[in-house]
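To start, the structure itself, in structure tokens.
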Amino acid sequence: MKRAAVFALMLFLAACGQSEDHGWLGYAEGDNALISAPQPGWLAHLHVQRGDDVKPGQLLFRLDDTREQAARDQAAAAIPQIRAQMKQAQANLEYARTTLLRQQGLARAHAGVPSALDQASANYKQAAASLSQLQAQEAQAQAALSGAAYALAQRDIVSTVSGTVQDVYFREGEYVPPSTPVISVLPPKNIYVRFFVPETQFARARLGQTVRISCDGCRPLTARITFIAQQEEFTPPVIFSIGNREKLVFKMEARVAGGLPLHPGQPVEVRPL
């Protein structure tokens, strides 16, 4: 509501007529980063509040992870069991290999029994197949553990940007639907100015043009025009006539790479350089 009131005020002031001696009226604006979780869940812990400064990697909030921890623990417990079976299977394979080599030696010396050689060969193949099967199970268990660990890590949501927390939309104990913002953060680099240029002065502005920004109590700033609306707007009241042509304004935006040291909603005056 406050931002909308400022917006209406700026348009009203523009409608009153801006001479070339006066700057173009506008206000600071900011694009918030909306922080959400990839999966739904109950909000277990909220680690920041409105007005807190955050940095990349900082923990913002945590969703309930009881189910994910159980899945991770179950996946982790399966691996030692499979490895114990693999150890026994490797011993069985080594025994089967030794037996097969002995029977093959007896067969070459014409001292063995053909059925014994066939049985030793079958036992070796079976032992090798059992070990291969367990190795595949271990790989599957490792993949399951990695997936469970990833799902558990997704319950901790960290900031990907530096900025100030603007709003918190959920409280601890509330259910968060999937892909729903929980926190909004305003990075300083996302602060810019939005201003309005009368139709009669439109030719004085162009994309990429450097402008000077001034406001009450702040030092002069410079930025570049990065957006010019393709269609003009009426300022209140919306009544079209030849006599109110000066009430047509074009919305424009100016930015600087590192952002502007202003507060969203702060009135500004913009002048072309």
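Under our numbering, residue 276 is the last one in the sequence shown; the count climbs by one each step, no gaps. Note that the Cβ used here is the ideal one computed from N, Cα and C, for glycine as well. Remember, it's a predicted structure, so these values are computed and weren't measured experimentally.
Considering only C-alpha positions, which residue in the set 267, 97, 229 and 139 is nearest to residue 128? Residue 128 has its Cα closest to that of 97, out of 267, 97, 229 and 139.
Quick check on residue 71: buried or exposed, where buried means 16 or more other Cβ atoms within 10 Å of its Cβ? Of the residues assessed, residue 71 falls on the buried side of the cut-off, its CB having 16 or more other CB atoms within 10 angstroms.
Residue 79 versus residue 140 - alpha carbon distance: Between the alpha carbons of residue 79 and residue 140 lies a distance of about 13 Å.
DSSP three-state label for residue 254, please. Note: residue 254 maps to strand in three-state DSSP.
Alpha carbon of residue 164 to alpha carbon of residue 59, nearest angstrom: So the two alpha carbons sit approximately 5 Å from each other.
Using DSSP with H/G/I as helix, E/B as strand and the rest coil, what is residue 16? Any answer about residue 16 is weak, because its pLDDT of 49 lies below 50 and its placement is not dependable; what the coordinates show is given next. In this structure, DSSP gives residue 16 a helical state, which the three-state scheme calls helix.
Alpha carbon to alpha carbon, how far is residue 35 from residue 190? Give it in angstroms, no decimals. Spanning the two alpha carbons is a distance of roughly 7 Å.
Ignoring anything shorter than 3 residues, give me the beta strand (DSSP E) runs that lie fully in the segment 181-219, in order along the chain. Counting whole runs of 3 or more residues, the segment 181-219 contains the beta strand (DSSP E) stretches 184-189, 194-201 and 213-217.
Run the CB neighbour count on residue 30, radius 10 Å, all protein chains shown included, and call it buried at 16 or more, exposed below. The residue in question, residue 30, is buried, as its Cβ has 16 or more Cβ neighbours within 10 Å.
In DSSP terms, what residue 230 is bridged to: Residue pairing by DSSP places residue 230 opposite 256 in a beta bridge.
Under a Cβ-count criterion, where at least 16 other Cβ atoms within 10 Å of its own Cβ denotes burial, should residue 233 be classed as buried or exposed? Residue 233 counts as exposed, since fewer than 16 other beta carbons sit within 10 angstroms of its beta carbon.
Label residue 104 either buried or exposed according to how many other C-beta atoms from any shown protein chain fall within 10 Å of its C-beta, with 16 as the threshold for buried. Counting other Cβ atoms within 10 Å of its Cβ, residue 104 stays below 16 and is therefore classed as exposed.
Less than 7 Å between the C-beta atoms of residue 65 and residue 219, yes or no? Result no, Cβ atoms of residue 65 and residue 219 do not sit closer than 7 Å.
What's the gap between the Cα of residue 266 and the Cα of residue 226? If I take the Cα positions, the gap works out to 15 Å.
Neighbour-count burial assignment, residue 75, 16 or more Cβ in a 10 Å radius: So residue 75 ends up on the buried side.
Simplified DSSP assignment, three categories, for residue 67: Residue 67 falls in the coil class under three-state DSSP.
Buried or exposed (CB count within 10 angstroms, at least 16 for buried), residue 243: The predicted position of residue 243 is uncertain, since its pLDDT is 44 and thus under 50; a value taken from the coordinates is nonetheless stated next. Residue 243 comes out exposed.
Backbone secondary structure at residue 239 - three-state DSSP: Caution is warranted here: a pLDDT of 45 is assigned to residue 239, below 50, making its placement in the model unreliable, and the coordinate value is therefore given only provisionally. Secondary structure of residue 239 (DSSP, three-state): coil.
From residue 181 to residue 209, what does the alpha carbon distance come to, in whole angstroms? About 42 Å.
7 Å Cβ cutoff met for residue 254 and residue 205: Not a contact, by the Cβ cut-off of 7 Å.
Do residue 63 and residue 38 have their beta-carbon atoms positioned less than 7 Å apart in this structure? Yes; because the gap between Cβ atoms is below 7 Å, this pair is in contact.
Within this structure, are the beta carbons of residue 179 and residue 28 separated by less than 7 Å? For residue 179 and residue 28, no; Cβs fall outside 7 Å.
For residue 177, I'd like the list of residues in its chain whose CB is within less than 8 Å of its CB, leaving aside the five on either flank, ordered along the chain. Hits under 8 Å: 45 and 46.
Residues bridged to residue 168 [DSSP beta-bridge criterion]: Looking at the DSSP assignment, residue 168 forms a beta bridge with 188.
Return yes when the Cβ of residue 194 is within less than 7 Å of the Cβ of residue 263, no when it is not. It is a contact, given that the beta carbons lie within the stated cut-off.
Cβ-based burial, residue 201 [other Cβ within 10 Å; buried from 16]: The C-beta of residue 201 has 16 or more other C-beta atoms within 10 Å across all chains shown, which makes the residue buried.
Can you check whether the C-beta of residue 136 is within less than 7 Å of a C-beta belonging to chain C? Here chain C cannot be found, since the structure has a single protein chain.
Per-residue DSSP class, three states only, for residue 163: In the structure shown, residue 163 falls within a coil segment according to DSSP collapsed to helix, strand and coil.
Which residues does DSSP list as the beta-bridge partners of residue 38? Per DSSP, 186.
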